[in-house]
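Asker: For the sequence shown, position 97 matches number 848 in my numbering, and the numbering has no gaps at all.
Ideal Cβ positions, reconstructed from N, Cα and C, are used throughout, including at glycine.
If you're wondering where the values come from, they're calculated on a predicted model, not measured in any experiment.
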Amino acid sequence: MIYIFLVVVALIVFLIFYMYLNPSVDNKDFDLEYRISSGKKNYYKERNSSYSDKDYRFNHQSYCNLLDGKKLIIHSLDKESNGKERVVFLLKDVREKYPSATIDYLEQNNSFSIFNIKYQGDSIFLWKKPSLIQEKEELFFKGERCQAYGDF
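1) Locate the beta strand (DSSP E) running through Ile-854, then write down its first and last residues.
2) Just the Cα atoms here: how many angstroms apart are Gln-859 and Leu-842?
3) Classify Ala-761: buried if its beta carbon has 16 or more other beta carbons within 10 angstroms, exposed otherwise.
4) Where do the N-terminal and C-terminal ends of the beta strand (DSSP E) with Gln-812 fall, by residue?
5) Report, in whole angstroms, the separation of the C-beta atoms of Lys-835 and Tyr-856, which I expect to be a contact under 8 Å.
6) Rounded to the nearest angstrom, how far is the Cβ of Cys-815 from that of Gly-872, given a contact under 8 Å?
7) Only counting the same chain, and skipping five residues up and downstream in sequence, which positions put a Cβ closer than 7 Å to that of Ser-789?
8) Return the Cβ separation of Trp-878 and Glu-886 in integer angstroms, given the expectation that the two are a contact with Cβ distance under 8 Å.
9) Label Leu-818 either buried or exposed according to how many other C-beta atoms from any shown protein chain fall within 10 Å of its C-beta, with 16 as the threshold for buried.
10) Is the beta carbon of Leu-783 sitting closer than 8 Å to the one on Lys-791?
11) Report all residues from its chain with a CB closer than 6 Å to the CB of Phe-809; omit the five preceding and five following residues, and keep chain order.
12) Have a look at Phe-891, Ser-874 and Ile-875 and flag the residue whose alpha-carbon is nearest the alpha-carbon of Pro-881.
13) Please state whether DSSP places Ile-884 in a helix, a strand or coil.
Written as structure tokens, this is what we have:
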């Protein structure tokens with residue numbers, strides 16, 4: 752009898768810890784980043800569910816850095832009720848099995864909260880803004896627009 756009581760109490764404690772300490776329960780962006788980065792969710796299915804040239808600014812824009820073996824894909828997922836556009840930055844490395852996903856919001860003044868994007872011709876420079884962890888702006892990715900079929 753006491754064992755049944757201990758098992759029930761342990762299950763309740765486990766559920767409480769799971770619900771309150773698991774950030775993916777409340778944060779859909781963190782959950783999507785985790786699922787794409789771990790290979791549990793196919794990015795292309797997510798992309799195809801929200802593809803619109805009229806409604807979104809970024810539709811699978813691809814940039815390659817052949818020297819580092821990296822590819823950056825920028826794609827708008829949806830728009831929030833406050834007008835912010837939810838954008839995924841997918842960084843693929845040829846040495847890694849799964850891509851790295853970061854979700855950021857395009858504000859109405861055309862700026863992101865995490866990244867600064869600078870274009871120069873066909874090239875892109877993606878800078879990570881300063882935060883509590885890093886004191887100054889850091890170059891996250893640099894590359895040029897990928898060719899249609901030639902780049903990984």
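Answerer: Answer, in terms of the structure:
1) Locating residue 854 in the sequence shown gives position 103, where the first residue counts as 1. Residues 851 to 857.
2) Counting from 1 along the sequence shown, the entry for residue 859 is found at position 108. Counting from 1 along the sequence shown, the entry for residue 842 is found at position 91. When rounded, the distance between both Cα atoms is 25 Å.
3) Taking the first residue of the sequence shown as 1, we reach residue 761 at position 10. Looking at its Cβ environment, which holds fewer than 16 other Cβ atoms inside 10 Å, Ala-761 is exposed.
4) Taking the sequence shown and counting its residues from 1, one reaches residue 812 at position 61. 812 to 816 is the extent of the beta strand (DSSP E) around Gln-812.
5) Position 84 of the sequence shown, counted from the first residue, corresponds to residue 835. Position 105 of the sequence shown, counted from the first residue, corresponds to residue 856. The pair is a contact, with the Cβ atoms about 4 Å apart (cut-off 8 Å).
6) Taking the sequence shown and counting its residues from 1, the one referred to as residue 815 is at position 64. Taking the sequence shown and counting its residues from 1, the one referred to as residue 872 is at position 121. Not a contact, Cβ separation roughly 14 Å.
7) Counted from its first residue, the sequence shown places residue 789 at position 38. Hits under 7 Å: Tyr-849.
8) Translated into the one-based positions of the sequence shown, residue 878 becomes position 127. Translated into the one-based positions of the sequence shown, residue 886 becomes position 135. Incorrect: roughly 14 Å between the Cβ atoms, too far for contact.
9) Walking along the sequence shown from the start, residue 818 turns up at place 67. Answer is exposed; the Cβ neighbour count stays below 16.
10) For the purposes of this step, residue 783 is taken as the residue at position 32 of the sequence shown. For the purposes of this step, residue 791 is taken as the residue at position 40 of the sequence shown. It is not a contact, given that the beta carbons lie outside the stated cut-off.
11) Translated into positions along the sequence shown, residue 809 becomes position 58. Counting only Cβ-Cβ distances below 6 Å, and skipping sequence neighbours, we find Ile-825, His-826, Ser-827 and Val-838.
12) Residue numbering aside, residue 881 sits at position 130 when the sequence shown is read from its first letter. Pro-881 has its Cα closest to that of Phe-891, out of Phe-891, Ser-874 and Ile-875.
13) Counted from its first residue, the sequence shown places residue 884 at position 133. If DSSP states are grouped into helix, strand and coil, Ile-884 belongs with coil.
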